[in-house]
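Residue numbers (our numbering): 7 to 273.
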């Protein structure tokens, strides 16, 4: 019932936000595997499932519960995606006003989802449960290494999934307009954000390490990839569906590995 309530809160928030003209509708053909209503239900249902998994295992209390959930939900669903959209603006064709509108909409939706999840799962997870672990110290070296790991996984998924697709290569002009050095720096910055999120979750979630790793990996994968199911005109569906697979693979692996690296079993 709690998951259904969270689903309803997220879906209602998304529907209301969709009525507010934060940015003009982009030109082009709107396509996708689902209609607007079906996509709204599917995307918010998936978000509710992974958000519930995180909220039920958070050990922090008070304002920290919605704060952690908001940081994860907004960063993964909106912030990190918009950073990359701005970098690939020549291909995505989204204006600064469009980016700002999406950011505002994401802030509102993430606040609704985080507060709803924190209220539904308001009791902190017990520290004494079986399989309790504590995180290892996130040193400067481990931070850099994990950010670097994200970059490796990003380009590995891009090379083995995205760039093997003719439609993706055509959409991005065979990469001729992309500066490799700037792209690496961008992904290092994004990797730093991913690492910070993983460190926070590794430190605040209770449960067996493999369970937490799977939940964090699923959250990273689903929250970023699922919105690609929405009908849209910025990126054609044949390109979006390849990115969906790419994101699920790279983000799940990174989230899981980051937690495994950051946590160790109490002896």
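Glycine included, every Cβ here is placed at the ideal spot set by N, Cα and C.
Tell me whether the beta-carbon of residue 111 lies closer than 9 Å to the beta-carbon of residue 241. By 1-based counting over the chain shown, the position of residue 111 is 105. By 1-based counting over the chain shown, the position of residue 241 is 235. Taking 9 Å as the Cβ cut-off, residue 111 and residue 241 do not qualify as a contacting pair.
At what residues does the alpha helix (DSSP H) containing residue 240 begin and finish? On the chain shown, position 234 is the one that residue 240 refers to. Careful: residue 240 lies outside any alpha helix (DSSP H) and carries neither H nor E.
Here's the rule I'm using: 16 or more other beta-carbon atoms within 10 Å means buried, otherwise exposed. How should residue 238 be labelled? The count along the chain shown starts at 1 and reaches residue 238 at position 232. Buried, by the Cβ-count rule.
Euclidean distance between Cα positions of residue 227 and residue 158: One-based indexing of the chain shown puts residue 227 at position 221. One-based indexing of the chain shown puts residue 158 at position 152. Going from the Cα of residue 227 to the Cα of residue 158 covers about 16 Å.
Are there three or more Cβ pairs, one per stretch, closer than 8 Å when the region 112 to 122 is compared with the region 250 to 264? Contact fails: fewer than three Cβ-Cβ distances are below 8 Å.
Just the C-alpha distance for residue 251 and residue 162, rounded to the nearest angstrom, thanks. Position 245 of the chain shown, counted from the first residue, corresponds to residue 251. Position 156 of the chain shown, counted from the first residue, corresponds to residue 162. Their backbone Cα atoms lie some 13 Å apart in a straight line.
Work out the CA separation of residue 100 and residue 86 for me, nearest whole Å. Your numbering for residue 86 matches position 80 in the chain shown. Your numbering for residue 100 matches position 94 in the chain shown. The straight-line gap separating the alpha-carbon atoms of residue 86 and residue 100 is approximately 15 Å.
Within 9 Å, strictly: CB atoms of residue 173 and residue 245: In the chain shown, counting from the first residue as 1, residue 173 sits at position 167. In the chain shown, counting from the first residue as 1, residue 245 sits at position 239. In this structure, residue 245 lies closer than 9 Å to residue 173 by Cβ.
Label residue 253 either buried or exposed according to how many other C-beta atoms from any shown protein chain fall within 10 Å of its C-beta, with 16 as the threshold for buried. Your numbering for residue 253 matches position 247 in the chain shown. Residue environment for residue 253: buried (at least 16 other C-beta atoms within 10 angstroms of its C-beta).
Return the Cβ separation of residue 8 and residue 73 in integer angstroms, given the expectation that the two are a contact with Cβ distance under 8 Å. Here residue 8 is taken as the residue at index 2 of the chain shown, counted from 1. Here residue 73 is taken as the residue at index 67 of the chain shown, counted from 1. Actually they are not in contact, since the Cβ atoms of residue 8 and residue 73 sit about 20 Å apart, beyond 8 Å.
Roughly how many angstroms lie between the CA atoms of residue 51 and residue 223, to the nearest whole one? Mapped onto the chain shown, residue 51 falls at position 45. Mapped onto the chain shown, residue 223 falls at position 217. Looking at the two C-alpha atoms, the distance is approximately 17 Å.
Straight-line CA distance for residue 160 to residue 76? Sequence index remark: in the chain shown, residue 160 carries index 154 (1-based). Sequence index remark: in the chain shown, residue 76 carries index 70 (1-based). Residue 160 and residue 76: Cα-Cα distance of roughly 24 Å.
Residue 247 to residue 93 span [Cα, whole Å]: On the chain shown, residue 247 is found 241 positions in, with the first residue counted as 1. On the chain shown, residue 93 is found 87 positions in, with the first residue counted as 1. Spanning the alpha carbons of residue 247 and residue 93 requires a straight line of approximately 20 Å.
Short check: CB of residue 289 to CB of residue 56, under 9 Å? There is no way to answer for residue 289, as the model of the chain reaches only from 7 to 273.
List the whole-angstrom C-beta distance separating residue 17 from residue 60, where the pair is believed to meet the contact cut-off of C-beta under 8 Å. Translated into the one-based positions of the chain shown, residue 17 becomes position 11. Translated into the one-based positions of the chain shown, residue 60 becomes position 54. So it is not a contact: roughly 18 Å between Cβ atoms.
Taking 7 Å as the limit between beta carbons, can you name the residues of its chain near residue 169, skipping five residues before and five after? Position 163 of the chain shown, counted from the first residue, corresponds to residue 169. Annotation for residue 169: 175 place their beta carbon closer than 7 Å to its own, counting only its chain and skipping 5 residues before and after.
Measuring straight from C-alpha to C-alpha, what distance separates residue 243 and residue 197? To locate residue 243, count along the chain shown from 1; it is residue 237. To locate residue 197, count along the chain shown from 1; it is residue 191. Each residue's alpha carbon lies about 26 Å from the other.
For residue 64, which beta-bridge partners are listed by DSSP? Within the chain shown, numbered from 1, the residue matching residue 64 stands at position 58. Answer by DSSP bridge pairing, in chain order: 211.
For residue 96, the three-state DSSP class (helix, strand or coil): Looking up residue 96 in the chain shown gives position 90. Assigned with DSSP and collapsed to three states, residue 96 falls in helix.
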